[in-house]
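In the numbering used here, the protein residues as written are 326 to 465.
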């Protein structure tokens, strides 16, 4: 990925792109309206956090660039890049099981079943040293 977004971008397919893991100063976007929801972004080298209607939707520690983020009742998809490995936390359906797939550009894939906690939070690590990855979560 190149040209890291300095704010939130709506892609042609409707996915959201955001985050700049190279920024030493915080990149902030407030009150970005999309499909009737209000999004806010805070991103820099230490954290990337996307909020939807004042609730945390996605957070990476340390910061990351996220492309084509799309979420519906059954699926979450995005591409992610950073200069180091990251911990991803998503807000999804409480106490639900998901099939997680992390796919590398070289064709390798890590696959596992994970579940959200009572508040709907789901956390997992993505190894990003050596290139970006695609992440797919499917509700079971």
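In this text, a Cβ means the ideal position worked out from N, Cα and C, and glycines have one as well.
Residue 453 sits in coil when the DSSP states are folded into three classes, being neither helix nor strand.
Under the three-state reduction of DSSP output, residue 408 falls in the coil class, being neither helix nor strand. The C-beta distance from residue 348 to residue 368 rounds to 6 angstroms, short enough to meet the 8 angstroms contact threshold. Following the DSSP letters along the chain, one finds residue 434 inside the beta strand (DSSP E) bounded by residues 434-440. Using a Cβ distance threshold of 8 angstroms, residue 451 and residue 405 count as a contacting pair.
Taking each of 374, 387, 461 and 337 in turn and checking the Cα distance to residue 354, the smallest one comes out for 374.
Using a 10 angstroms sphere on the CB of residue 390, the tally of other CB atoms reaches 16 or more, which defines it as buried. In the DSSP assignment, residue 462 falls within the unbroken beta strand (DSSP E) covering 458-464. Under the three-state reduction of DSSP output, residue 333 falls in the coil class, being neither helix nor strand.
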